[in-house]
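Only one structure is covered here, and it is reproduced in the block below.
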Amino acid sequence: MNVIASRWLCCLLFVLVPALAAAVQDTPRGPIDARALTARLFAGAAPPPAWLDDGGARAREAVRLLRDASAHGLDPARYDADRLATRLAAGADDVAALALERDIGTAMLQYLADLHFGRVASGYRLPSDDAFDPVEHLRQALRTGRLAEAVDTASPQFPMVRRVEATLARYRALAASPHWPHLPPLPAKRIEPGMRYAGTALVRERLRLVGDLDADTPAGDVYTPELAVAVRRFQARHGLAQDGVLGAGTLAALAVPPARRVTQLELTLERLRWLPRPPQGRVVVVDVPAYRLWAFDGRDPAGQLLEMRVIVGAAARTPTPLFIGQMRYLEFNPYWNVPRSIEKAEIIPKLARDPGYLARNDMEAVSAAGQVLPDAAGAAALRAGTARVRQRPGPKNALGAVKFAMPNPMNIYLHSTSARELFTRSRRDLSHGCIRVEDPAALAQFVLADPARWDAGAVATALRPGRTVTVPLREPVPVVLFYATALTDREGRALFADDIYGLDEQLVQALRAD
Numbered sequence: 002m003n004v005i006a007s008r009w010l011c012c013l014l015f016v017l018v019p020a021l022a023a024a025v026q027d028t029p030r031g032p033i034d035a036r037a038l039t040a041r042l043f044a045g046a047a048p049p050p051a052w053l054d055d056g057g058a059r060a061r062e063a064v065r066l067l068r069d070a071s072a073h074g075l076d077p078a079r080y081d082a083d084r085l086a087t088r089l090a091a092g093a094d095d096v097a098a099l100a101l102e103r104d105i106g107t108a109m110l111q112y113l114a115d116l117h118f119g120r121v122a123s124g125y126r127l128p129s130d131d132a133f134d135p136v137e138h139l140r141q142a143l144r145t146g147r148l149a150e151a152v153d154t155a156s157p158q159f160p161m162v163r164r165v166e167a168t169l170a171r172y173r174a175l176a177a178s179p180h181w182p183h184l185p186p187l188p189a190k191r192i193e194p195g196m197r198y199a200g201t202a203l204v205r206e207r208l209r210l211v212g213d214l215d216a217d218t219p220a221g222d223v224y225t226p227e228l229a230v231a232v233r234r235f236q237a238r239h240g241l242a243q244d245g246v247l248g249a250g251t252l253a254a255l256a257v258p259p260a261r262r263v264t265q266l267e268l269t270l271e272r273l274r275w276l277p278r279p280p281q282g283r284v285v286v287v288d289v290p291a292y293r294l295w296a297f298d299g300r301d302p303a304g305q306l307l308e309m310r311v312i313v314g315a316a317a318r319t320p321t322p323l324f325i326g327q328m329r330y331l332e333f334n335p336y337w338n339v340p341r342s343i344e345k346a347e348i349i350p351k352l353a354r355d356p357g358y359l360a361r362n363d364m365e366a367v368s369a370a371g372q373v374l375p376d377a378a379g380a381a382a383l384r385a386g387t388a389r390v391r392q393r394p395g396p397k398n399a400l401g402a403v404k405f406a407m408p409n410p411m412n413i414y415l416h417s418t419s420a421r422e423l424f425t426r427s428r429r430d431l432s433h434g435c436i437r438v439e440d441p442a443a444l445a446q447f448v449l450a451d452p453a454r455w456d457a458g459a460v461a462t463a464l465r466p467g468r469t470v471t472v473p474l475r476e477p478v479p480v481v482l483f484y485a486t487a488l489t490d491r492e493g494r495a496l497f498a499d500d501i502y503g504l505d506e507q508l509v510q511a512l513r514a515d
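Quick note: to get this note's numbering, add 1 to the position in the sequence shown (first position is 1).
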């Protein structure tokens with residue numbers, strides 16, 4: 002039997018297997034096992050993939066692409082790339098060739114699916130408008146002879162993906178060098194410019210390797226002002242206080258081996274695959290462990306429009322949940338309706354010790370009918386669960402001057418704050434779960450997107466103390482609460498953050514299990 006006839010017989014056998022046929026009725030969604038898609042690749046009226054025709058050029062290209070999976074943060078071993086290369090080089094009879102073609106097809110389908118959907122479930126609730134089908138994507142690539150292009154377009158089409166992949170390549174090169182010696186302990190609590198430190202040469206070399214220091218700086222064991230400038234750059238990229246001083250935190254970040262950074266970057270690429278296609282309009286992204294907010298407009302060639310610091314949920318008690326919300330309205334001078342969990346855990350115990358607590362904090366107990374209760378009656382009703390606490394607008398209000406509402410079951414939203422001094426801290430997981438923003442006026446202008454009515458002056462006026470005003474947005478603005486401990490900015494700088502919620506290790510374990 003010749004190879005072509007064998008292929009068609011194989012196709013018929015695949016189609017007749019009920020379990021496989023049932024598994025591939027619909028376009029796959031989410032992380033998938035490509036073995037359930039192979040039947041479709043070899044079935045139908047179209048000729049099956051001819052990987053070994055033309056001297057096996059297509060097969061060799063496919064294997065080369067699979068072996069290069071690490072460039073996209075994936076493991077070539079998952080696709081059996083080396084073994085496929087060995088089988089291809091060895092040659093085969095018709096039956097073995099048929100099996101090889103089937104296995105190359107399955108490996109390519111798995112690779113395309115992993116690139117687009119990710120390897121593990123994300124937990125995000127995503128819109129169902131993603132029509133990506135690995136089978137049709139691969140078929141089209143084979144028809145047009147553009148296999149490499151198919152791999153590139155299977156990845157999410159975010160500029161961030163390409164930037165992170167470029168950073169991954171740099172850190173893979175660093176990790177390939179076995180020379181990453183330990184830094185000696187600090188002789189004092191902190192090393193400032195002009196002081197001597199036995200590890201100065203190692204610090205200098207490490208800063209040069211990661212791109213924060215020019216190569217032609219003077220040698221020696223004195224911690225120089227030039228080194229301090231480079232350390233500030235390093236600190237800025239790692240979420241540390243930018244004081245140019247060598248302290249315990251900075252030394253610990255300098256000691257992290259490149260292999261660990263490679264893992265962080267790979268995890269970021271996996272998480273980017275979980276996200277829906279970027280919208281054409283405005284979007285707000287909060288990277289929780291980096292304590293940063295970015296605002297983009299997909300219709301603007303400039304891309305990123307805003308960046309600011311944020312405060313997120315405390316890791317030990319109230320971590321910020323990760324989800325994709327829709328910001329729908331703003332409240333200027335909002336009331337803070339205190340969640341019942343905070344009432345029970347904090348306010349009721351404080352009231353028991355201090356009956357004047359509510360009055361001093363501009364708070365009031367409100368009945369189910371909306372009636373404000375006197376302090377004594379209010380305290381009793383709170384303990385009984387028949388009243389709730391709200392905080393009046395004003396300088397003590399926990400939400401500050403504006404609330405950015407995105408209705409969700411967890412009652413998570415963005416807001417301003419009166420405690421602005423907290424933004425200077427390097428670690429900012431300090432809230433009950435909501436996100437406090439550093440520049441609420443700029444964010445309000447961005448999401449309102451109405452410069453004629455809501456220019457800087459109008460927003461500043463609305464932020465002044467006064468009555469509560471609710472302003473619906475003309476269009477909902479997606480808000481992505483994201484988690485990445487490694488990113489790359491538009492200048493190509495690698496940005497790293499601590500894994501404050503321990504989610505990196507959870508994802509590593511999930512990928513290993515997969």
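Even for Gly, the Cβ is constructed at its ideal location relative to N, Cα and C.
Inter-residue Cα distance where the pair is proline 19 and alanine 44:
Along the sequence shown, read from residue 1 onward, the residue named residue 19 stands at position 18. Along the sequence shown, read from residue 1 onward, the residue named residue 44 stands at position 43. Because proline 19 carries a pLDDT of 28, less than 50, the predicted location of this residue cannot be relied on, and no value is offered for it.
Inside the segment 128 to 207 only - alpha helix (DSSP H) runs reaching at least 4 residues
135 to 145, 148 to 155 and 160 to 177
Given alanine 35, which residues of its chain have a CB within under 6 angstroms of its CB, disregarding the five upstream and five downstream residues?
As a working mapping, residue 35 is identified with position 34 in the sequence shown. These residues qualify, in order along the chain: Thr107, Leu110, Gln111 and Ala114.
When you compare the CB positions of asparagine 398 and tryptophan 337, do they come within less than 9 angstroms of one another, or not?
In the sequence shown, the residue the question calls residue 398 occupies position 397. In the sequence shown, the residue the question calls residue 337 occupies position 336. In this structure, tryptophan 337 lies closer than 9 angstroms to asparagine 398 by Cβ.
Whether or not the segment 427 to 447 and the segment 355 to 363 are in contact is what I'm after, with contact meaning three or more pairs of Cβ atoms, one per stretch, closer than 8 angstroms; do they touch?
no
Buried or exposed: where does glutamine 372 fall if 16 or more other Cβ atoms within 10 Å of its Cβ makes it buried?
Counting from one through the sequence shown, the residue named residue 372 turns up at place 371. So glutamine 372 ends up on the exposed side.
Proximity below 9 angstroms, CB of glutamate 166 to CB of alanine 291:
In the sequence shown, counting from the first residue as 1, residue 166 sits at position 165. In the sequence shown, counting from the first residue as 1, residue 291 sits at position 290. Cβ atoms of glutamate 166 and alanine 291: not closer than 9 angstroms.
In whole angstroms, what is the alpha-carbon distance linking tyrosine 330 and proline 322?
Counted from its first residue, the sequence shown places residue 330 at position 329. Counted from its first residue, the sequence shown places residue 322 at position 321. Between tyrosine 330 and proline 322, the C-alpha separation is close to 20 angstroms.
Residues in its own chain within less than 7 angstroms of alanine 315 by CB, not counting five upstream and five downstream?
Here residue 315 is taken as the residue at index 314 of the sequence shown, counted from 1. Excluding sequence neighbours, alanine 315 sits near Asp430, Leu431 and Ser432.
Find out if the Cβ-Cβ distance for the pair valine 121, alanine 511 is shorter than 9 angstroms.
As a first step, residue 121 is located in the sequence shown; it is residue number 120 there, counting from the start. As a first step, residue 511 is located in the sequence shown; it is residue number 510 there, counting from the start. Yes, Cβ-Cβ distance for valine 121 and alanine 511 is below 9 angstroms.
Shortest alpha-carbon distance to alanine 443 belongs to which of Pro226, Leu508 and Ala457?
Against the sequence shown, residue 443 aligns to sequence position 442. Nearest C-alpha to alanine 443: Ala457.
For the segment 187 to 203 against the segment 159 to 179, are there 3 or more C-beta pairs whose distance is under 8 angstroms?
no
Answer with buried or exposed for methionine 407, where buried requires no fewer than 16 other C-beta atoms within 10 angstroms of its C-beta.
Locating residue 407 in the sequence shown gives position 406, where the first residue counts as 1. Buried: at least 16 other Cβ atoms inside 10 Å.
So, with DSSP's three-state summary, where would you put phenylalanine 1?
In the structure displayed, the chain extends from 2 to 515; residue 1 sits before or after that span and is not available.
Under DSSP, the alpha helix (DSSP H) around arginine 1 begins and ends at which residues?
Outside the displayed range of the chain (2 to 515) lies residue 1, so it cannot be described from this structure.
Leaving aside the five residues before and after arginine 283 along the sequence, list all residues of the same chain whose C-beta is less than 6 angstroms from its C-beta, in chain order.
Your numbering for residue 283 matches position 282 in the sequence shown. These residues qualify, in order along the chain: Asp298 and Val478.
Measuring CB atoms only, is the segment 482 to 495 touching the segment 263 to 272, in the sense that at least three cross pairs come out at less than 8 angstroms?
yes
Classify phenylalanine 483 as helix, strand or coil using the three-state DSSP reduction.
Taking the first residue of the sequence shown as position 1, residue 483 is located at position 482. It is a strand residue.
Distance, glutamate 422 Cα to phenylalanine 447 Cα
The count along the sequence shown starts at 1 and reaches residue 447 at position 446. The count along the sequence shown starts at 1 and reaches residue 422 at position 421. Looking at the two C-alpha atoms, the distance is approximately 24 angstroms.
Use the C-beta contact count for glycine 56: other C-beta atoms within 10 angstroms, 16 or more gives buried, fewer gives exposed.
Start at 1 with the first residue of the sequence shown, and residue 56 comes out as number 55. Exposed, since its Cβ has fewer than 16 Cβ neighbours within 10 Å.
Same chain, Cβ closer than 6 angstroms to arginine 501, five either side skipped, listed in chain order:
Translated into positions along the sequence shown, residue 501 becomes position 500. Per the sequence shown, residue 501 should be read as isoleucine rather than arginine. Closer than 6 angstroms at Cβ, skipping near neighbours: Pro290, Ala316 and Asp430.
So, at 6 angstroms on beta carbons, what are the nonlocal neighbours of threonine 28 in its own chain, with the 5 sequence-adjacent residues on each side left out?
Residue mapping note: residue 28 aligns to position 27 of the sequence shown, counting from 1. For threonine 28, the pLDDT reaches just 40, beneath the cut-off of 50, and the residue's location in the model is therefore unreliable, although a value from the coordinates is still provided. So the qualifying residues of the chain are Asp134.
Taking the alpha helix (DSSP H) that valine 448 belongs to, which residues open and close that run?
Here residue 448 is taken as the residue at index 447 of the sequence shown, counted from 1. Where valine 448 is concerned, the enclosing alpha helix (DSSP H) stretches over 441 to 449.
Just reading off the beta strand (DSSP E) that valine 403 is part of, what are its end residues?
As a first step, residue 403 must be located in the sequence shown, where it is residue number 402. Here the beta strand (DSSP E) through valine 403 covers 403 to 406.
Pick from Ala296, Val313, Ile312 and Arg300: whose alpha carbon is nearest that of leucine 306?
Counted from its first residue, the sequence shown places residue 306 at position 305. Of Ala296, Val313, Ile312 and Arg300, the residue nearest in Cα terms is Ala296.
My assumption, with CB atoms under 8 angstroms, is that aspartate 213 sits in contact with alanine 231. Please give the rounded CB distance.
Locating residue 213 in the sequence shown gives position 212, counting from the first residue. Locating residue 231 in the sequence shown gives position 230, counting from the first residue. Confirmed, Cβ separation roughly 5 angstroms.
Same chain, Cβ closer than 6 angstroms to alanine 498, five either side skipped, listed in chain order
The residue you call residue 498 lines up with position 497 of the sequence shown. Answer for alanine 498: Gly240, Pro290, Ala291 and Thr486, listed in chain order.
Just how far apart, CA to CA, sit glutamate 62 and tryptophan 52?
Reading the sequence shown from its first residue, position 61 is the one you call residue 62. Reading the sequence shown from its first residue, position 51 is the one you call residue 52. Whole-angstrom Cα-Cα distance: 9 angstroms.
Quick one, which of Val204, Gly92 and Leu75 has its alpha-carbon nearest alanine 170's?
In the sequence shown, counting from the first residue as 1, residue 170 sits at position 169. Minimum Cα distance to alanine 170 is reached at Leu75.
Under the three-state DSSP convention, the category valine 246 falls into:
For the purposes of this step, residue 246 is taken as residue 245 along the sequence shown, with counting starting at 1. Valine 246 falls in the coil class under three-state DSSP.
Could you tell me which residues DSSP pairs with asparagine 362 in its beta bridges?
Here the question's residue 362 lines up with position 361 in the sequence shown. According to DSSP, which records beta bridges pairwise, asparagine 362 is partnered with nothing at all.
Inter-residue Cα distance where the pair is leucine 508 and leucine 101:
By 1-based counting over the sequence shown, the position of residue 508 is 507. By 1-based counting over the sequence shown, the position of residue 101 is 100. The alpha-carbon atoms of leucine 508 and leucine 101 are separated by roughly 32 angstroms.
By the three-class DSSP mapping on this structure, what secondary structure does glutamate 492 have?
Here residue 492 is taken as the residue at index 491 of the sequence shown, counted from 1. Note: glutamate 492 maps to coil in three-state DSSP.
Just to confirm the assignment, what range does the alpha helix (DSSP H) spanning alanine 511 have?
Residue 511 sits at position 510 when you count from the first residue of the sequence shown. Counting along the chain, the alpha helix (DSSP H) containing alanine 511 begins and ends at 504 to 514.
Using alpha carbons as the reference points, say which of Met411, Asp69 and Leu268 lies closest to valine 339.
Reading the sequence shown from its first residue, position 338 is the one you call residue 339. Checked all of Met411, Asp69 and Leu268; the closest Cα to valine 339 is Met411.
Rounded to whole angstroms, what's the CA-CA distance from isoleucine 312 to alanine 450? Just pull it up for me.
In the sequence shown, counting from the first residue as 1, residue 312 sits at position 311. In the sequence shown, counting from the first residue as 1, residue 450 sits at position 449. Approximately 24 angstroms between the Cα atoms of the pair.
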